[in-house]
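Below: one structure, written as structure tokens.
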Amino acid sequence: MKLAATAAPHLPAPAEAEPCAPEALRFDDLIFPLSRDAFLADYWERKPYVAPARSANMFRALFSSRDVDTFIHYQRPEPGSIDLVSDEGFVRDNFLNADGTANLNLVYQSYLKGSTIILSGLEMRWPPLATFCQQLEGDLNHRIGVAVYLTPPRSKGVKPHFDTQEGFLVQVDGTKRWKVYAPLQEAPKVEGSYTPVDRAQLGEPILDTVLSPGAVLYIPRGFPHEGVAEDDSPSLHITLEIHVRSWFDLMHDALAALADRDTRYRRSLPLGFLHDDAAMEALREQFEGFKQHLQQEATLDDAVHKHVEHLVVERPPLPDGHFAVLFEPIQLGTRLERRSITLARLIETEAQAGLQFSGNSILGPAKIRPALAYIAANPRFAVADLPSLADREKLVLARRLVAIGLLRLA
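Spelled out as structure tokens, the structure:
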């Protein structure tokens, strides 16, 4: 890949405005002013992109420097959820309490000596970021992770490396200069891993830019990069990690769905087959038979069902005081709404219908399909609005869906 190196303009952030509420932010805010179609056609998985800041405070409600010690104090992160990195590399042990949690005073000291603080897993541990991530997951249909990086003034962050997930780096406080290099590996498998790169392998950067608060840098997976806080102020940025599901993953899901219903795929391989010619020949014949069976029986619907289980059903809805309403009376005139901001997906067979949604799923007789389809298409409704069911059946279904976490009182 040959891309011209880009100079590092240091543009001031636009005039301050109120921070955007997490529930109001969308994927399009990460790529503005490009349209989604233009971004996907020209940049996605191809090359880095810088979205200029519209407001210095645009993303401040998600997480800022003022939230770092609050997070460490109340969440009590352990290594893996908090890491410190200096010029010598990762600092693993000298900031911990006896119970393995981070000692805030030791973290302060390491930070003052030049260490970058890395907080991970905030998509499940910090409500504003959890809200934004569930919004993104419902929109993009890929799993989102979050890490926050706080770098002291005039200090380097993590050494040159590439990641195996797509990254959107959202600058919140201070500024950071980024250099991005041509990829050493095209579209690496998505493993959520960090791969250091020897500087001798890098060559000249294909992008050299300074992010001010409110700006966003997209870095495709496999592209080495490094950042430095060059000014006299600390830098804090949020990395939104898109752990994309690939075609490989989809085919794996299709095979897993076959294995769920066909025991042959769950049988063990022959004992000692690696040094038994007859066993290896039998294995080859069976393998060819499985290839034909996979081609005939694997379906996209089965694979997508598995993907939704991973993306939606395994991710619980955000806390919203649901215990307080579980015993509230529900009548035909009661208005309900879906709890989750992510998708609710209708599933059906000849004899059954169901919904997959955040944290759970429901499966019932085919007669409830019109009602479930109505719920999937309408975030708010009255119980009486549910189609194709008698009044008593509407009440039974509505109460069941409140009990298992899909609906709440509007």
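Each residue of the sequence shown is one higher than the last, beginning at 10 in our numbering. Note that beta-carbon positions come from the ideal geometry of N, C-alpha and C, so glycine has one too.
Is residue 163 helix, strand or coil when you go by DSSP?
coil
Given 8 Å as the limit, is there contact between the region 178-185 and the region 280-287, that is, 3 or more CB pairs closer than that?
no
Which residues in the same chain have their Cβ closer than 6 Å to the Cβ of residue 165, if we skip the five residues on either side of it in sequence?
Within the same chain, residue 165 has close Cβ partners 237.
Need the endpoints of the beta strand (DSSP E) that residue 81 sits in, please.
Not the beta strand (DSSP E): residue 81 falls in the alpha helix (DSSP H), residues 77-84.
Go through the region 244-286 residue by residue and report every complete run of the alpha helix (DSSP H) that reaches 4 residues or more, in order.
256-270
Tell me which same chain residues have a C-beta within less than 6 Å of the C-beta of residue 212, skipping the five on either side of it?
Cβ neighbours of residue 212 beyond the five flanking positions: none.
Three-way DSSP call (helix, strand, coil) for residue 134 in this model
DSSP places residue 134 in coil when its eight states are reduced to three.
Residue 365 burial status per 10 Å Cβ neighbour count (16 or more: buried)
buried
Looking at C-alpha atoms only, which residue of 191, 313 and 134 is the closest neighbour of residue 208?
191
Given a cut-off of 8 Å on the beta-carbon distance, is the pair residue 115 and residue 156 in contact?
no
Does the distance from the CB of residue 132 to the CB of residue 98 come in under 8 Å?
no
On the DSSP letters alone, give me the boundaries of the beta strand (DSSP E) that residue 58 sits inside.
58-60
What does the Cβ neighbour count give for residue 76, buried or exposed, with the cut at 16 atoms within 10 Å?
buried
Assuming residue 230 and residue 172 are in contact, meaning their beta carbons sit under 8 Å apart, how far apart are those beta carbons, in whole angstroms?
6 Å
Are the CB atoms of residue 28 and residue 159 nearer to each other than 8 Å?
In this structure, residue 28 lies away from residue 159, with their beta-carbon atoms at least 8 Å apart.
Residue(s) in a DSSP beta bridge with residue 225
60 and 179
Taking residue 120 and residue 161 to be in contact with their CB atoms under 8 Å, please state how far apart those CB atoms are, rounded to whole angstroms.
That belief holds up - the Cβ atoms of residue 120 and residue 161 are roughly 6 Å apart, short of 8 Å.
Under a Cβ-count criterion, where at least 16 other Cβ atoms within 10 Å of its own Cβ denotes burial, should residue 262 be classed as buried or exposed?
buried
Apart from the five residues on each side of it in sequence, which residues of its chain come closer than 6 Å, Cβ to Cβ, to residue 178?
226, 246 and 248
For the beta strand (DSSP E) containing residue 234, name the first residue and the last one.
234-238
Could you tell me if residue 67 is buried or exposed, where buried requires 16 or more neighbouring beta carbons within 10 angstroms of its beta carbon?
buried
Compute the Euclidean distance between the alpha carbons of residue 317 and residue 354, then round it to the nearest angstrom.
8 Å
If you draw a straight line from the C-alpha of residue 381 to the C-alpha of residue 63, how long is it?
40 Å
I'd like to confirm the pairing. Which residues does DSSP put opposite residue 187 in its beta bridges?
218 and 236
Taking Cβ to Cβ, would you say residue 57 is nearer than 8 Å to residue 220?
no
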